[in-house]
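Step one of this worksheet: look at the structure below.
4 protein chains.
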Amino acid sequence: MTKPHRFLHTPIEPFVPEDGLTADRILERMGRISFQGRNLATALRIWHKMLESDATIFLGMAGALSAGGLRLIVAHLLGNRYVDCLVSTGANLYHDLHETRGQRHYAGSPHADDAALAEQHIDRVYDTYASEDEFIGNDNWIADFAVTLEHRPYTTREFLFQLGRHLWETTGRDGILTAAYRAQVPIFCPAIADSSIGMGLSQARQQAVDAGHIDIIGDIVESANLVIRRPSTASIVLGGGTPKNFINQASVQAEFYSPAVGGHRYALQIVTDVPHYGGASGSSLEEAQSWGKLAADSEKISVQADATIALPILASALVRTAPPLLARRTPPEFSLAAQLMTVDGQTVRHDRFEEAK
Amino acid sequence: MTKPHRFLHTPIEPFVPEDGLTADRILERMGRISFQGRNLATALRIWHKMLESDATIFLGMAGALSAGGLRLIVAHLLGNRYVDCLVSTGANLYHDLHETRGQRHYAGSPHADDAALAEQHIDRVYDTYASEDEFIGNDNWIADFAVTLEHRPYTTREFLFQLGRHLWETTGRDGILTAAYRAQVPIFCPAIADSSIGMGLSQARQQAVDAGHIDIIGDIVESANLVIRRPSTASIVLGGGTPKNFINQASVQAEFYSPAVGGHRYALQIVTDVPHYGGASGSSLEEAQSWGKLAADSEKISVQADATIALPILASALVRTAPPLLARRTPPEFSLAAQLMTVDGQTVRHDRFEEAK
Amino acid sequence: MTKPHRFLHTPIEPFVPEDGLTADRILERMGRISFQGRNLATALRIWHKMLESDATIFLGMAGALSAGGLRLIVAHLLGNRYVDCLVSTGANLYHDLHETRGQRHYAGSPHADDAALAEQHIDRVYDTYASEDEFIGNDNWIADFAVTLEHRPYTTREFLFQLGRHLWETTGRDGILTAAYRAQVPIFCPAIADSSIGMGLSQARQQAVDAGHIDIIGDIVESANLVIRRPSTASIVLGGGTPKNFINQASVQAEFYSPAVGGHRYALQIVTDVPHYGGASGSSLEEAQSWGKLAADSEKISVQADATIALPILASALVRTAPPLLARRTPPEFSLAAQLMTVDGQTVRHDRFEEAK
Amino acid sequence: MTKPHRFLHTPIEPFVPEDGLTADRILERMGRISFQGRNLATALRIWHKMLESDATIFLGMAGALSAGGLRLIVAHLLGNRYVDCLVSTGANLYHDLHETRGQRHYAGSPHADDAALAEQHIDRVYDTYASEDEFIGNDNWIADFAVTLEHRPYTTREFLFQLGRHLWETTGRDGILTAAYRAQVPIFCPAIADSSIGMGLSQARQQAVDAGHIDIIGDIVESANLVIRRPSTASIVLGGGTPKNFINQASVQAEFYSPAVGGHRYALQIVTDVPHYGGASGSSLEEAQSWGKLAADSEKISVQADATIALPILASALVRTAPPLLARRTPPEFSLAAQLMTVDGQTVRHDRFEEAK
């Protein structure tokens, strides 16, 4: 009898509970079991590889992660350059700003009486509450800030850097926007018009008819130029949405102008959507390879899990295991204060794609 | 013994299969059963109520519905004013344009070899294929068109109307963009930067450095002004995503400037996401009431189903039952050809919210 | 330029809504679109093929389908031999019995106050209610019946046939149990102990200590012998659960004793669970091939949809299109009244597997 | 301005990543965030309360958890009396037996070529493989054992205890069945007929026509009598399925005979199914209250997560935090070797419900 080595080579090692395990050691053991536990362990391993490589690491963030309590993890990841560029929904940046401004979200119930909440001016996000009056205050605060900017189109990258600066200067508090500002990490927000930050910008026009202009197409050019400049990239996606596609699109668009670009070398997504309805949020990383969004030989893993479980575990493991890798890596260096950003000291245009020879 | 009438008043009527039932009669019977079947039947009933009321009906559309074969249903809904305004992802408009230009999507397999597809320049959306070379042709076609426009910011509403016109004039074919153009139905695309239409716009800059400008914040103002002008609204959402929130945001933003606005009177969503991860796509319509996105007494239904099953059934029922309602309704009349749109003959601004007295 | 025929051969035909379409014609059009709509259309096509073949068709049924209003569809499928054998959860048979006894389920709300319902003795199944007092009446009715049977072990197949007979004789009403009795279609209920029918049986012991004996292992033998006798089989599964695996297990167990058995020739499942958590309900039909549950060349389709939407559509189409196929087929003929059932006139044992030469 | 204390009392505390956090401290921080992360933290807190109370704790287990690497966690929970009674699917016990007999499951790929696997006699469970030939060996081993038992009906509780004993005596290895045997913890398997253990039992009849008899109805009586004897109960459910309902049914059935029973005092479920399709696996714990399965004032939490992520985290936290609680509790003491089990020294019948005065 011959053992069918082709398939049966790596035995499952049942997880043995043990006192004192830190997150990294829990994930180490999860890596030998099955299903999403194994995938979550693989996610840590692939993140390590990203940090060991020369890849520019994009982080996408959709879903109510800031309201839900993950904003300081993201701030930590930006501030310590576990990632190099954030692509976010507007809501996540807005809820971050809300807390950085000293306000809170509150633990609530998914079974709340929404009519009663509405009467009390309380907005619900599943099991989490916030004060609508404070939200209105934020909108006005954003509008008041936006109107002080030059009355010309800003990419979201430039605008959000300035917003982070203003937020840091007025609060001195840690958060996503302020950490990105301080670490000079670019943030793109392709769907800014679909968020309360967009609403704040729109209200700036009430004060000045030519205020609140965003050059969303400039963001496409700028993000693709980043990839053209540093064609080795990695994608980490939390929750899908517009950030997932925008990160992939940057790679596809860059390849149009530069053959050196060949799709992300590494990809990791933590999603709750599923592939079989055809939507982009749940689409598989295999499918992404057909589009050239991912390199054919990319290392990749998809974890089906709520980020409020997966990310605290992953981050707890990373803060233990990644520091030596962080110390050794040379991430892209950005300067973001001007209309034209620079990467590694070179200007990056937002009005014209760089064409590789 | 007293019958507990409070709860046990409406018996489930088991569905009896019968030869010759059309979609409306199938839904009629589904309305007496349980779970999502009942909800789908309720969706038809609520759509009828929308058409019987004076509400302006917004349709949101996310997920790969155009590639997946639903674009001519949406075109029919726009062309015959089952709805009054479309909010879409860029991808759905792009895949519509792809087919209106005479190209096709193709039936494929979700288990395809994506490396082989990539080699053949074929892009996969779950079980559906398209030619990447044809997509590149579309991008160029959009870029070539965009560069012919005035070099000033366009709202997506204005740009997409012009794109629909150009598409109609060059193809004469039915589709979402062309039907909207012909019926003068506005389309908003808040996340246009996260799509191949955005990519086409960005490529216009390669031809003219100041081409391809989109005033995404203007869309916020314009859509809210529509609601201020006609405060009775209804929301139909397919798949969640940015369109879902953008439609709700228009209502919330409008209420900020006009107390007559009080949230959508009717709401219907067909989604596959779930509420318990906190994301907006899956969020419940009850939650939306806490925000004032929906009126406290709104009629609403959420159907958990793939739109490729639910919409063909609903549309087949509507084309049978809705024509008398359509004949009686007086929907908003738009003119969309200029930088400033009009509704019912009155100009709607995109650079300043109207303030109700 | 050569057209890449290998992949791009079958264009998606956008669904065109049209007045007067019956379910079969809606599915015909859905067969040319994508995602679950296409899969539902394929399900009809494969069911047709099952009926055209000589396969014995097993139907599995899990989830609250009887309470939810689908029991008369299932009764119709059994009574007219669209299927040849039912494997069900106990709950579906119990809720069927509840209604056949003249009682009802009621339309309710998923947001009900469950404490208030509990006080009123109302049991909730998502959006559907039933009277707990009536349920207690059913349990007693089952116990009273069970105690009249011989005090020896009954397979669920034999017991459920006798239960169906008793139900028919006392009510004369249509339903799953009574239709199966009248059409002599066997029903297996592998998890009968996990249901109110099991509870009724257990209560029979209060009247006679040796009443209520079920020979659940006999069901395994009998069902496998059915497959050995007629090795061409097909599997239709609604909702997964124990019926899904029991139908597959019959095939696997049969193959152990007879090499002529080679897995189901056709398989169709309508499920809402997903594969990626490793559970059997959501497991893919591809996975089933590795086990030999399905033949390597089987025709198969998995539809991700709620059965309360999918089954009414499918059944409405079948009653229109299948009658000629039903007229031509020669399904297995069972007699079920005795401890030993027969198929096609030959006895089938429940205490010993038949061994093929 | 008055603060709306009614709703906004408990601020979300963003998770701060920190080096060296063990699972209990990670969960402590997760308890202050939102969504499923918060729920998982609540699950730990409720498990603590179960251990502090006098409740008999039932653990239900469905899904491929043993094959997937969680069997030694479950063994640990049984052996150290974190729980008092296991209700399992047959597959989980079978895959446990497979490994306890010295065989393995193997890490595989969800994208495997199932035809190739079938040829190699390899069975796939999502991303996990096992040898079909070894499985056939297990079936025979079970059949050979079953035929040595008395030829009379066994409850699954009695049979599985004897199987655990035989397994321990022949292997001396840790696992679910052997740990339950050694700790005298009862195991019920209501759907044993739907599993390879059932298949092994059925094969015993090939050796002796009256072997392999299971008294599945006796399990209902015995489990309800356990609840009547000790009416304070708690339910922990992994994955739903038949174990979830069987545990609830025991409570409902017990209440029929004893008014002191009033539903579980505590309930915790970790599931991936959702409520809105009406199936029992995904049904909410609120719904369970309408049936009286849960006490109106029960403490309860539902976590939407894959058990391969959630259980290793929970178990790692429990082994650190629960030992003092375990030391203080006086769990029920069972003896299980005979046809009649005892609890706390008193016989428990399986052929008649105890009636409380």
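Chains as they are written, first to last, in this note's numbering: chain Y, 770 to 1126; chain V, 770 to 1126; chain C, 770 to 1126; chain U, 770 to 1126. For every residue, glycine included, the Cβ atom is placed at its ideal position computed from N, Cα and C.
Which residues in the same chain as residue i place their Cβ atom closer than 6 Å to its Cβ, once the five residues preceding and following it in sequence are excluded?
i	result
V:Tyr-898	Tyr-875, Gly-877, Ile-891
U:Asp-984	Pro-922, Thr-924
U:Val-1006	Gly-829, Lys-1013, Gln-1038
Y:Thr-1111	Ser-1104
Y:Leu-796	Ala-810, Leu-813, Ala-1086
V:Ser-1053	Pro-1044
With 7 Å as the threshold, decide whether the Cβ of residue i is near any Cβ in chain C.
i	result
V:Ile-1078	yes
U:Ser-1059	yes
U:Ala-884	yes
V:Met-799	yes
U:Asn-1017	no
V:Glu-788	This sequence places Asp at residue 788 of chain V; Glu is not what is there. By this cut-off, V:Asp-788 is an interface position.
U:Ala-962	yes
Y:His-778	no
Y:Tyr-1046	yes
Do we get a CB-CB distance below 7 Å when we pair residue i with the residues of chain Y?
i	result
C:Phe-804	yes
V:Leu-1054	no
U:Pro-1081	yes
C:Met-770	Confidence at C:Met-770 is low in this model, with a pLDDT of 46, below 50, so the placement of that residue should be treated as unreliable; the coordinate-derived value is given next. For C:Met-770, the answer is no, since every Cβ of chain Y falls outside 7 Å of its Cβ.
U:Val-765	Since the displayed chain U opens at 770 and closes at 1126, residue 765 of chain U lies outside it and no answer follows.
U:Leu-936	no
Using a Cβ-Cβ cutoff of less than 7 Å, which residues in the same chain neighbour residue i once the five nearest sequence positions on both sides are dropped?
i	result
Y:Arg-893	Gly-877, Ala-881, Asp-883, Leu-886
C:Ala-915	Gly-969, Leu-970, Ala-973, Ala-980, Gly-981
U:Glu-1068	Ile-815, Lys-818, Tyr-1035
V:Ala-1064	Gly-1031, Gly-1032, His-1033, Arg-1034
Note down, in chain order, each residue of its chain lying with its Cβ closer than 8 Å to the Cβ of residue i, except the 5 sequence neighbours on either side.
i	result
U:Arg-1118	Val-990, Glu-991, Asn-994, Leu-1109
U:Ala-860	Ala-833, Ser-835, Ala-836, Ser-964, Ser-965
U:Gly-1047	none
C:Leu-841	Asp-943, Gly-944
Determine, for residue i, whether the minimum Cβ-Cβ distance to residues of chain V falls below 7 Å.
i	result
U:Leu-1063	no
C:Ala-1084	yes
U:His-1119	no
C:Gly-859	no
Could you check if residue i is buried or exposed, using at least 16 other CB atoms within 10 Å of its CB as the buried criterion?
i	result
V:Val-1021	buried
C:Ala-1029	exposed
Report the three-state DSSP secondary structure of residue i (helix, strand or coil).
i	result
C:Thr-779	coil
C:Gly-933	helix
Y:Val-990	helix
C:Tyr-895	coil
U:Ala-1086	helix
V:Arg-801	coil
U:Glu-1068	strand
U:Asp-853	coil
Could you check how far apart the C-beta atoms of residue i and residue j are, in whole angstroms? I think they sit under 8 Å.
i	j	result
Y:Gln-805	U:Asp-1075	4 Å
State yes or no: is the beta carbon of residue i nearer than 7 Å to at least one beta carbon in chain U?
i	result
Y:Ile-795	yes
C:Arg-998	no
V:Arg-775	no
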